[in-house]
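If you read the sequence shown in the working numbering, its first letter stands for residue 49, the second for the next number, and so on.
Glycine included, C-beta positions come from ideal geometry on N, C-alpha and C.
Predicted model, so just to flag it, every value in this text is computed and none were measured.
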Amino acid sequence: MLLEIRDLNTYYGASHVLQGISLNVARGELVALLGRNGMGKSTTLKTVMGLVKSQSGSVSFDGREITGHAPYKVARAGIGYVPEERRIFPELSVLDNLVLGIKGGKIADPADSKAWTIERIFRHFPRLKERIDQKGKLLSGGEQQMLAIGRSLMGNPTLLLVDEPTEGLAPLLVNEVRNILFEINRAGVSILLVEHNLKVALSLAHRVYLMGKAYIGFDGTVEELKDNQKARERYLEV
Ligand SMILES: Nc1ncnc2c1ncn2[C@@H]1O[C@H](COP(=O)(O)OP(=O)(O)O)[C@@H](O)[C@H]1O
Ligand SMILES: [Mg+2]
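This is the structure in structure tokens:
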């Protein structure tokens, strides 16, 4: 397994928001983590990134224990993170926002044809190339989301954690972001995707985990979820 989360317990003060979460992502997989608001999906991603400390449990990545490591170390190990709030630098250009993504990630081997470079990212995001000199704050929501994803790729991650990438986007852009995630995964980047748009999630995912409050209530393939009406009713908006 590329990512192995074992029995995580995480608290915010006295509130026990992850109660024994276990989850895996295999190399090359796109895994969706779904559920209603407030269940603990974002906290799960933040705990993997080391942004939130778990009280117990373990996270291993590529065979190495990374539990409790600082975020920059987790990034350097090869995990990219696209947070829900995107965190684009508003006063910096598209290009400078991308260049800043190199910091903290892995340094790509220039001889590696699979390395993510500015040129390669622009091939996947032609919209960003058209706006190369534009300030981050002048981009639309969809373009900012693309920039956040592009920036995370500059760190050459083996695994991307993506939190609600289509939230608040117009339908056309939802589809564009969906296609970009598909292409990135096809290019060999494993993805753990938190997504409220069920259609998008199920069109991309190889496997699915559904969260109830602080726990995983279902895991299985997309087919298994489609056949399991009870799980869908219990854990998803229907
Ligand atoms: N920084 C925080 N401090 C205290 N409680 C928080 C914090 N962030 C999230 N929570 C709470 O933790 C629970 C899980 O939140 P979150 O992981 O954001 O859920 P999801 O991403 O599934 O919507 C919720 O009850 C939420 O209110
Ligand atoms: Mg969330």
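Where DSSP assigns a beta bridge to THR58, which residues make up the other side? LEU66 and SER102
Where GLY198 and ILE180 are concerned, what is the direct C-alpha to C-alpha distance, given to the nearest angstrom? 12 Å
Taking a contact to mean a Cβ-Cβ separation below 8 Å, would you say ASN57 touches GLN103 in this structure? Taking 8 Å as the Cβ cut-off, ASN57 and GLN103 qualify as a contacting pair.
Ligand 2 heavy atom lying under 7 Å from the CB of SER90: yes
Span separating the alpha-carbon of TYR59 from that of ALA262: 10 Å
Segments assigned alpha helix (DSSP H), at least 4 residues, entirely inside the segment 235-271: Whole alpha helix (DSSP H) segments, 4+ residues: 246-252.
Which residues mark the beginning and the end of the alpha helix (DSSP H) in which ALA80 is found? No alpha helix (DSSP H) contains ALA80, which is instead part of the beta strand (DSSP E) from 78-82.
How would you call ASN227, buried or exposed, if buried means at least 16 neighbouring beta carbons within 10 angstroms? exposed
With H, G and I counted as helix, E and B as strand and the rest as coil, what does DSSP make of ASP211? strand
Do you know how far the Cα of GLY190 is from the Cα of GLU224? If you take the alpha carbons of GLU224 and GLY190, they lie about 9 Å apart.
Kindly list the residues whose CB is nearer than 6 Å to the CB of VAL222, restricted to its own chain and excluding five residues on each side of it in sequence; keep chain order. Here the set comprises THR214.
Spatial distance of LEU220 from GLU139 (CA atoms): Rounded to the nearest whole angstrom, the CA to CA distance from LEU220 to GLU139 is 26 Å.
Distance, SER108 Cα to LEU195 Cα: When rounded, the distance between both Cα atoms is 28 Å.
So what does LEU51 bridge to, in DSSP terms? VAL73 and PHE109
Alpha carbon to alpha carbon, how far is GLN192 from ARG134? 7 Å
Any chance the CB of VAL65 is under 7 Å from a heavy atom of ligand 1? yes
Going by beta carbon distance, what residues of the same chain come within less than 7 Å of LYS94, once the five residues before and after it are set aside? VAL100
Since ASP211 and GLU285 are thought to touch, with beta carbons under 8 Å apart, how far apart are those beta carbons, to the nearest angstrom? The Cβ separation is near 18 Å, so there is no contact.
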